[in-house]
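J.: Residue numbers (my numbering): 77 to 405.
Idealized CB from N, CA, C, for every residue including glycine.
The structure under discussion is supplied below as C-alpha cells; questions concerning it will follow.
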C-alpha cells in the first residue's frame, strides 16, 4: 500500500469512527444535550442537562475518557461559545488519544487558533501557545487570557536561544538583539493577562496562578489574598485542586515564618491527602520549625499507626524519628 493510500485509509477509518461515536449520542431516542453554568445536572424527558459542576468533577480527577464522550457532541451543536467547554473537549481529546477525531472540525471553525494554541500549551510549547492564542479576536475573554497568562509565566523555564529570539522579537520588534530584561517583561505580561482572567466566573485557577506569581515576587500578603480567593471558588468535591491550593497556602505561610497558620493549613491538607502532605508539607516538620518537638514526635508516631500509609512514606517518617532520637543522645 502506498503512503497516499495508507493516509487515505487512516482518514477513512477515523471518519467512520467519529460517525459511530456521534451516532451513539444522536441516534433515535437520544436526548438533547444542554449546558448550564449553574446548578446541578439532570436528565429530563427530552434533554440531558450538564452543568459546570458535572464537568469539574470529571476534570478534577482527570477522567479524560468520560469527559471526551460527554463533550464530543459539541462539534455538532450550534451556539456553544463557551471557551471552557472547548478547552475541556480539546484537552480530553488530547490525553485520551482522540485529537485527530476533532482536528478537522476545529481547523475549519472560528476556534482554529484557540485549538492550535491549546495543543501547543499541552505540549509545553508556551511561546507558540501565546502566538496562536493572541490571534483570537477576544484575547480578554477570561479563559483565553488565563492560558496566555500562564504561558507567559512559564516562558522563563525555556532557556534556549531560539525561543529567546522569538520572545524578544515579539515584545521588542524594534530591537535586533535579544532584550536583556526579556523574562522580567514576560512576568509583567503574565500578571496582566491573569488579572484579566479573574473575571472567569467561579474559577480557582487564575487565582492560584496569581498567588504563585506574587509568591515569586516575595509579595506574600498579596499571594495569600489570591490563595483565599482560589479557595472561595472551589467546590468541596474538587479534592485535587483543593490539595494544590492548600499546598500553596502552606508554602507561602512557611516563607512568612507564620508557623501556627502554616500548621493549621498543613493539618487541613493532611485530612484530604495524607501521602502528598507527608511528602511535600509534613506537619511534623512544621512542628519542629515551631520548636514543638514533642508534638512532632506524637504526630509521626500516630502516622506510623495508620495502616493506610504506604511503606515508602512510613520509612520516611521512621527515618525522621530515628534522626530525632540520635540528636537527643
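Roughly how many whole angstroms lie between the Cα atoms of residue 269 and residue 344?
T.: Within the chain shown, the letter at position 193 stands for residue 269. Within the chain shown, the letter at position 268 stands for residue 344. Their Cα atoms are separated by approximately 31 Å.
J.: Grab me the residues of residue 369's own chain with a C-beta within less than 8 Å of its C-beta, minus the 5 sequence neighbours each way, in chain order.
T.: Counted from its first residue, the chain shown places residue 369 at position 293. If we look at residue 369 and ignore the five residues flanking it on each side, its Cβ neighbours are 363 and 400.
J.: Under three-state DSSP, which class holds residue 288?
T.: Residue 288 sits at position 212 when you count from the first residue of the chain shown. Residue state, collapsed to three classes: helix.
J.: Output the boundary residues of the alpha helix (DSSP H) element that contains residue 165.
T.: Residue mapping note: residue 165 aligns to position 89 of the chain shown, counting from 1. 159-172 is the extent of the alpha helix (DSSP H) around residue 165.
J.: How big is the Cα-Cα spacing for residue 277 and residue 392?
T.: Working through the chain shown from its first residue, we reach residue 277 at position 201. Working through the chain shown from its first residue, we reach residue 392 at position 316. Each residue's Cα considered, the two are about 41 Å apart.
J.: Can you find at least 3 beta carbon pairs, one from the segment 131-150 and one from the segment 198-212, that sit closer than 8 Å?
T.: No, the segment 131-150 does not touch the segment 198-212.
J.: Could you tell me which uninterrupted alpha helix (DSSP H) segments, each at least 4 residues in length, are contained entirely in the segment 331-366, listed from first to last along the chain?
T.: The segment 331-366 contains these whole alpha helix (DSSP H) runs: 335-348, 350-356 and 359-365.
J.: Starting from the Cα of residue 211, find the closest Cα among 223, 189 and 366 and give me that residue.
T.: Working through the chain shown from its first residue, we reach residue 211 at position 135. Cα-wise, what sits closest to residue 211 is 189.
J.: Are the Cβ atoms of residue 311 and residue 132 separated by less than 8 Å?
T.: In the chain shown, the residue the question calls residue 311 occupies position 235. In the chain shown, the residue the question calls residue 132 occupies position 56. The answer is yes: Cβ separation under 8 Å.
J.: For residue 128, tell me which candidate among 108, 154, 157 and 161 has the shortest Cα-Cα distance.
T.: Taking the first residue of the chain shown as position 1, residue 128 is located at position 52. Of 108, 154, 157 and 161, the residue nearest in Cα terms is 161.
J.: Are there three or more Cβ pairs, one per stretch, closer than 8 Å when the segment 180-194 is compared with the segment 293-310?
T.: Segments in contact, no.
J.: Go through its chain and collect everything with a Cβ distance to residue 113's Cβ below 6 Å, but skip five positions before and after it.
T.: For the purposes of this step, residue 113 is identified with residue 37 of the chain shown, where counting begins at 1. Once the five neighbours on either side are set aside, the close Cβ partners of residue 113 are 128.
J.: Would you kindly report the start and end of the unbroken alpha helix (DSSP H) that includes residue 111?
T.: The residue labelled residue 111 in the question sits at position 35 within the chain shown. First-last for residue 111: 108-112, but that is the beta strand (DSSP E), not the alpha helix (DSSP H).
J.: Cβ of residue 402 versus every heavy atom of the ligand PLP: is any distance shorter than 7 Å?
T.: With respect to the ligand PLP, the structure offers nothing, as it holds no ligand at all.
J.: Based on Cα-Cα distance, which residue from 109, 174 and 125 lies nearest to residue 154?
T.: Residue mapping note: residue 154 aligns to position 78 of the chain shown, counting from 1. Residue 109 is the option with its Cα nearest to residue 154.
J.: Please name the residue in 179, 275 and 261 whose C-alpha comes closest to that of residue 218.
T.: Here residue 218 refers to the residue found at position 142 when the chain shown is read from its first residue. Cα-wise, what sits closest to residue 218 is 275.
J.: Measure from the alpha carbon of residue 296 to the alpha carbon of each residue in 342, 330 and 322, then state which is nearest.
T.: In the chain shown, the residue the question calls residue 296 occupies position 220. The residue with the shortest Cα to Cα distance from residue 296 is 330.
J.: Whose C-alpha, out of 264, 279, 157 and 361, is nearest the C-alpha of residue 339?
T.: Translated into the one-based positions of the chain shown, residue 339 becomes position 263. Closest by alpha carbon: 361.
J.: What do you reckon, are the CB atoms on residue 438 and residue 306 nearer than 8 Å?
T.: Nothing about residue 438 can be read from this structure; the chain reaches only from 77 to 405.
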